[in-house]
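Engineer:
Numbering (our numbering), first residue to last: 17 to 253.
This is the structure we're talking about:
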């Protein structure tokens, strides 16, 4: 009898842990889908509902939105890192830069949350913030190499990429259900505009990095459809 009691207690101890792991995985998958569809400020209540758990369970696993970001966003940031590293390895500096811009805009067109990924302040996640700084530094190097090789106009700067990213996100959103590939035409026009042939002087200097940061951190640019996450922790278990 004592051995049977010990066995039944062991089974009971394992069951809650399995349930907890299953709930965590469900929350991560629901968050991944919600961030891609709605942006990084997707409703936490909606994420919990989609995962089939209560919001209290979400907060027990992920006490803050930043904690959830820290788990979900590593994969797409690593994909962005892979793209820019691949572009830097291309001996044809125009092919490398233009290919990177097209691929990055393609990721953005496929995911509403992608623009947010590169622009939202990732407070509370030093790992993600460091990874994004690494990506931004490599982008600057990619643009510099293309400029030094004469592949792009001499006044083109990495900060100018913010314009194509902003424009692409709006175009992709507006045309997704009508002409899903329309964003490529806009990107191709942009690429033609940064080629050195017949470049005309620009009337405005490039934005400073601090100006880019201030521009991109405005809520209306981070996520035009931002839905507020829950502000109260639930009481469910």
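We put the CB at the ideal spot given by N, CA and C, even for glycine.
In this text the structure is predicted, and so the values were computed from the model without any measurement.
For residue 161 and residue 207, I'd like the C-alpha separation in whole angstroms.
Structural biologist: Here residue 161 corresponds to residue number 145 of the chain shown, with the count starting at 1. Here residue 207 corresponds to residue number 191 of the chain shown, with the count starting at 1. If I take the Cα positions, the gap works out to 16 Å.
Engineer: Please determine, among 148, 109 and 157, the residue with the shortest C-alpha to C-alpha distance to residue 166.
Structural biologist: Within the chain shown, numbered from 1, the residue matching residue 166 stands at position 150. Looking at the Cα atoms, 109 is the closest of the given residues.
Engineer: In angstroms, rounded to a whole number, what distance separates the CA positions of residue 140 and residue 156?
Structural biologist: On the chain shown, position 124 is the one that residue 140 refers to. On the chain shown, position 140 is the one that residue 156 refers to. Taking the straight line from one Cα to the other gives about 25 Å.
Engineer: Assuming residue 184 is part of the alpha helix (DSSP H), what are its boundary residues?
Structural biologist: On the chain shown, residue 184 is found 168 positions in, with the first residue counted as 1. It spans 177–191 - the alpha helix (DSSP H) in which residue 184 sits, taken as one unbroken run.
Engineer: Within 8 Å, do at least three Cβ pairs link the stretch 64–71 to the stretch 117–128?
Structural biologist: No, they do not touch.
Engineer: I think residue 145 touches residue 138, with their Cβ atoms under 8 Å apart; what is that distance to the nearest whole Å?
Structural biologist: Position 129 of the chain shown, counting from 1, holds the residue named residue 145. Position 122 of the chain shown, counting from 1, holds the residue named residue 138. So it is a contact: roughly 5 Å between Cβ atoms.
Engineer: Can you tell me the Cα-Cα spacing of residue 107 and residue 86, whole angstroms?
Structural biologist: Start at 1 with the first residue of the chain shown, and residue 107 comes out as number 91. Start at 1 with the first residue of the chain shown, and residue 86 comes out as number 70. So the two alpha carbons sit approximately 34 Å from each other.
Engineer: Of the choices 198, 136, 149 and 158, whose alpha-carbon is the least far from that of residue 112?
Structural biologist: For the purposes of this step, residue 112 is taken as the residue at position 96 of the chain shown. Taking only the C-alpha atoms, the option nearest residue 112 is 158.
Engineer: Got a sec? Which residues, its chain only, sit under 7 Å from residue 53 by beta carbon, not counting five neighbours each side?
Structural biologist: If you number the chain shown from 1, residue 53 lands on position 37. Excluding sequence neighbours, residue 53 sits near 128.
Engineer: With distances taken between CB atoms, is the gap from residue 116 to residue 97 smaller than 8 Å?
Structural biologist: The count along the chain shown starts at 1 and reaches residue 116 at position 100. The count along the chain shown starts at 1 and reaches residue 97 at position 81. Against a cut-off of 8 Å, the Cβ pair of residue 97 and residue 116 comes out as no contact.
Engineer: Compare the Cα-Cα distances from residue 170 to each of 143, 212 and 230 and report the closest residue.
Structural biologist: Reading the chain shown from its first residue, position 154 is the one you call residue 170. Of the candidates 143, 212 and 230, the one whose C-alpha sits nearest the C-alpha of residue 170 is 212.
Engineer: Closest to residue 75 by C-alpha separation, out of 89, 88 and 60, would be which residue?
Structural biologist: Along the chain shown, one-based indexing puts residue 75 at 59. Here the closest residue by C-alpha is 60.
Engineer: Per DSSP, what kind of secondary structure is residue 194 in: helix, strand or coil?
Structural biologist: Against the chain shown, residue 194 aligns to sequence position 178. Looking at residue 194 - three-state DSSP - the assignment turns out to be coil, as it is neither helix nor strand.
Engineer: What is the DSSP secondary structure of residue 34, reduced to helix, strand or coil?
Structural biologist: Translated into positions along the chain shown, residue 34 becomes position 18. It is helical.
Engineer: Could you tell me the distance, in whole angstroms, from the CA atom of residue 105 to the CA atom of residue 73?
Structural biologist: Position 89 of the chain shown, counted from the start, is the residue given in the question as residue 105. Position 57 of the chain shown, counted from the start, is the residue given in the question as residue 73. Near 45 Å, if we compare the C-alpha coordinates of residue 73 and residue 105.
Engineer: Throw me the rounded Cβ distance for the residue 56 and residue 133 pair, which I believe falls under 8 Å.
Structural biologist: The sequence position of residue 56 within the chain shown is 40, counting from 1. The sequence position of residue 133 within the chain shown is 117, counting from 1. Rounded, the Cβ-Cβ distance is 7 Å, consistent with contact.
Engineer: According to DSSP, is residue 158 part of a helix, a strand, or is it coil?
Structural biologist: As a working note, residue 158 is residue 142 in the chain shown. Residue state, collapsed to three classes: helix.
Engineer: Got a sec? Which residues, its chain only, sit under 7 Å from residue 114 by beta carbon, not counting five neighbours each side?
Structural biologist: Start at 1 with the first residue of the chain shown, and residue 114 comes out as number 98. The residues are 207.
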